[in-house]
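Notes follow once the structure below has been shown.
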Amino acid sequence: ATAEGRLHRRPPDQVHFHEVGGVDAIVDVVGTCAALEVLGVDEVTCSPVAVGLGMVRAAHGIIPNPAPAVVELLRGVPTRGVDLSVELTTPTGAALMAALSSGFGALPPMTVGATGFGAGSRELDDRPNLTQVVLGDPTRVAPPSGQPQMLVEANVDDATGEVLAHTIGELLRAGAADAWISAVTGKKGRPAHVISALCDVALLGPVRATLVREAGTLGVRGVMTDRWPEPRS
Numbered sequence: 008a009t010a011e012g013r014l015h016r017r018p019p020d021q022v023h024f025h026e027v028g029g030v031d032a033i034v035d036v037v038g039t040c041a042a043l044e045v046l047g048v049d050e051v052t053c054s055p056v057a058v059g060l061g062m063v064r065a066a067h068g069i070i071p072n073p074a075p076a077v078v079e080l081l082r083g084v085p086t087r088g089v090d091l092s093v094e095l096t097t098p099t100g101a102a103l104m105a106a107l108s109s110g111f112g113a114l115p116p117m118t119v120g121a122t123g124f125g126a127g128s129r130e131l132d133d134r135p136n137l138t139q140v141v142l143g144d145p146t147r148v149a150p151p152s153g154q155p156q157m158l159v160e161a162n163v164d165d166a167t168g169e170v171l172a173h174t175i176g177e178l179l180r181a182g183a184a185d186a187w188i189s190a191v192t193g194k195k196g197r198p199a200h201v202i203s204a205l206c207d208v209a210l211l212g213p214v215r216a217t218l219v220r221e222a223g224t225l226g227v228r229g230v231m232t233d234r235w236p237e238p239r240s
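For the sequence shown, this note's numbering assigns the number 8 to the initial residue and increments by one for each residue that follows.
Below is the structure:
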């Protein structure tokens, strides 16, 4: 009613429905909501909504396809055009998808439990005239496994540029996969540097010893992390 009211520029309570108030439309809405309740569905997602082109005949006469009410109801909803002069999405269907769906896109990660199809009476030349529903439990997609690495770091505030550069070279020779220096502000506002090295867990001992020896630091910290190197040609 709100969508039709905007199109006809009148309050929703003054809108007269030609088809939405029919028994089939009421069955569509009530049946869909009842099915979601009975099945215990917590979330609904849909593929981008397909709409046709050209003109179609309705109770108002010849109207554009998709119908103005469908376009209004699908405001903010991803849609895709199909080269068919057929009403692929009705106002009732558009209202249900816009109101119930939390997202539109590809099938989300899930463990499929059941599936069902609803077919229409119209025969289409190049595709089946049906709606597919998939019921399932959401699954979490595990991130791709990386290489376990140790990030070893130390703060120094009295090292020269030559010492810092030499330390980086020694860390790489000790087996670090990468090593770098970051400028920071230390205690009492003094300029300092953080020497960081990324290495395999098995090489933690040599890399840590190299950092202590070359940088002259009194303490080293470390944290486990992952590394995802891209293949090189």
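Even for Gly, the Cβ is constructed at its ideal location relative to N, Cα and C.
Who does residue i pair with in a DSSP beta bridge?
i: T86; result: V56
i: T99; result: Answer is none; T99 lacks a bridge partner.
i: R64; result: I69
i: P206; result: In the sequence as displayed, the identity of residue 206 is Cys instead of Pro. DSSP lists M157 as partners of C206.
Taking the C-alpha atoms as reference points, what is the distance between residue i and residue j?
i: A204; j: G193; result: 19 Å
i: L114; j: T52; result: 8 Å
i: A161; j: G226; result: 7 Å
i: T224; j: A209; result: 22 Å
i: V93; j: A74; result: 11 Å
i: F124; j: A106; result: 21 Å
i: T167; j: G212; result: 25 Å
i: A66; j: Q139; result: 28 Å
i: T232; j: V34; result: 55 Å
i: P71; j: G110; result: 27 Å
i: P155; j: P236; result: 12 Å
i: A32; j: G38; result: 10 Å
i: L91; j: L103; result: 22 Å
i: D133; j: L158; result: 57 Å
i: L60; j: S189; result: 59 Å
i: V63; j: L43; result: 31 Å
i: S128; j: P135; result: 10 Å
i: R82; j: G120; result: 32 Å
i: A10; j: S108; result: Because A10 carries a pLDDT of 48, less than 50, the predicted location of this residue cannot be relied on, and the following value inherits that uncertainty. If I take the Cα positions, the gap works out to 18 Å.
i: R228; j: R220; result: 15 Å
i: V45; j: D144; result: 16 Å
i: R87; j: L131; result: 17 Å
Quick check on the burial criterion: 16 or more other C-beta atoms within 10 angstroms. Buried or exposed for residue i?
i: P238; result: exposed
i: V230; result: exposed
i: V30; result: exposed
i: G68; result: exposed
i: T174; result: buried
i: L80; result: buried
i: V48; result: exposed
i: A181; result: buried
i: A8; result: Annotation note: pLDDT 47 at A8 (below 50); position unreliable, no value reported.
Cβ of residue i within 7 Å of Cβ of residue j?
i: L137; j: A126; result: yes
i: P116; j: P85; result: no
i: V214; j: V201; result: no
i: V58; j: T96; result: yes
i: A222; j: C206; result: no
i: E177; j: T217; result: yes
i: V101; j: V77; result: For the record, residue 101 in the displayed sequence is Ala; it is not Val. In this structure, V77 lies closer than 7 Å to A101 by Cβ.
i: A172; j: L179; result: no
i: G153; j: R234; result: yes
i: R197; j: D165; result: no
i: T118; j: T146; result: yes
Beta carbon of residue i: closer than 6 Å to some heavy atom of the ligand MG?
i: D164; result: You won't find the ligand MG in this model; it holds no ligand whatsoever.
At 4 residues or longer, and completely inside the segment 123 to 200: list those alpha helix (DSSP H) runs for me, N to C. Counting only runs of 4 or more, we get 168 to 180.
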